[in-house]
Amino acid sequence: MSVTTAGTTSERSLLDSVQQLGNQIGRTPLHEITQLFNKTGVKLYAKKEWEQLSGSVKARAAYNIFKHAIEHGQLSRKISLLDATSGNTGIAYAKIGHLLNIPVTLFLPENASKERKEILQSLGARIVFTSRFEGTDGAQAAALELATSKPSEYFYADQYKNPNNWKAHYHGTALEIKEALPSLTHFVSALGTTGTFVGTGRRLKELDPAVQLISLQPDNPLHGLEGWKHLETALVPGIYDPTVADENHEVGTEEAWSIMRDAWKYEGLQLSPSAAANLAGAIRVAEKLESGTVVTIFPDNADKYSEVVSKLNIV
2 MSVTTAGTTS ERSLLDSVQQ LGNQIGRTPL HEITQLFNKT GVKLYAKKEW EQLSGSVKAR
62 AAYNIFKHAI EHGQLSRKIS LLDATSGNTG IAYAKIGHLL NIPVTLFLPE NASKERKEIL
122 QSLGARIVFT SRFEGTDGAQ AAALELATSK PSEYFYADQY KNPNNWKAHY HGTALEIKEA
182 LPSLTHFVSA LGTTGTFVGT GRRLKELDPA VQLISLQPDN PLHGLEGWKH LETALVPGIY
242 DPTVADENHE VGTEEAWSIM RDAWKYEGLQ LSPSAAANLA GAIRVAEKLE SGTVVTIFPD
302 NADKYSEVVS KLNIV
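For the sequence shown, my numbering gives the first residue as 2, with consecutive numbering after it.
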């Protein structure tokens, strides 16, 4: 009886801890773009997702995946969370795992930025590097192989197929946007795991069928937009729903870099390449409107991209 009671107490303690951690997830501020875009009758906003635990939009999905797995007995302090990541989700996993004292094992392409590698290591995550040429697709395959070979030791989070990824945005991001911008007309966001776009877009469309949903992809497979997927040449995430988007647009890496420079110079924003690419796509949409309210996502800032920042001479 005493063993059962101790186990139950431990489980309740972990559940309480994960519930409390939810206070540090989401509720991020909106930033109105006024210098890079200014047109009478049209408003453009971006959600600053770096202003939450772990410093990126991926905190939402990572937390929801942890929470659901713990609540359903799939994850504990004796089982390691395992997944493949290009960086930001891994940092979110590692941060949450560190705070909850749950081990985390990550498969990461070897060309991930230096800052991301250092952050993951500082948080105690076990990192397995995979080929840079295979990208996140190769990391996924390697992670799945380990999860299949040792199912009792690992909980395979599988962010690309886990519905708790998009549901984090369905129940969180979308409602925050709609509450702050009830007159929203357009939502513009990139496709990576596709969780942000699918979850946010799906809920916004349910709340207002007139809202236009525009997805963004890199304009070619050999792009420099970390976290983005060129779906024509990459493994399509299991959670992706092609029916959600009303339109699909492409953004080039050079275009994103140009926006990185201009955002710092004119808006005072140090954006990551992916955030700048989202802004580039959103500006393009907004410029075609006579009236409306456009919102996009800033997944993270430039803190983890010193190589790109240095290359572009952004100071």
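Quick reminder that beta carbons are idealized off the backbone N, C-alpha and C, glycines included.
Using a C-beta cut-off of 8 Å, the region 253-261 makes no contact with the region 8-24, since fewer than three inter-stretch Cβ pairs fall below that distance. One alpha carbon belongs to residue 82, the other to residue 181, and they sit about 34 Å apart.
Annotated three-state conformation of residue 293 is strand, per DSSP. Cβ-Cβ distances below 7 Å link residue 20 to nothing in the same chain once the five nearest sequence neighbours on each side are left out.
Judged by DSSP in its simplified three-state form, residue 263 adopts helix.
Taking all protein chains in view, the Cβ of residue 224 is crowded by 16 or more other Cβ atoms within 10 Å, so the residue is classified as buried. Taken atom to atom, the span from the alpha-carbon of residue 128 to that of residue 121 is near 8 Å.
Assignment of beta-bridge partners to residue 215 by DSSP yields 189, 248.
In the three-state scheme derived from DSSP, where H, G and I count as helix and E and B as strand, residue 67 is classed as helix. Measuring C-alpha to C-alpha distances from residue 184 to each of 274, 41, 63, 296 identifies 296 as the nearest.
If you draw a straight line from the Cα of residue 204 to the Cα of residue 34, it comes to about 24 Å. Rounded to the nearest angstrom, the gap between the Cα atoms of residue 282 and residue 206 is 20 Å. Judged by their CB atoms, residue 71 and residue 15 are nearer to each other than the 8 Å cut-off. In this model, residue 241 and residue 298 are separated by some 18 Å (Cα to Cα).
For residue 245, the closest alpha carbon among the candidates 228, 276, 211, 22 is that of 211.
Pairing residue 131 with residue 139, the inter-Cα distance amounts to about 7 Å.
Residue 45 sits in a strand when the DSSP states are folded into three classes. Taking the Cα positions, residue 102 is about 16 Å away from residue 66.
Residue 121: member of the alpha helix (DSSP H) spanning 115-123, first to last residue. In the assembly as shown, residue 153 is an exposed residue. Its beta-carbon has fewer than 16 other beta-carbons within 10 Å. Rounded to whole angstroms, residue 18 and residue 287 show a C-alpha spacing of 42 Å.
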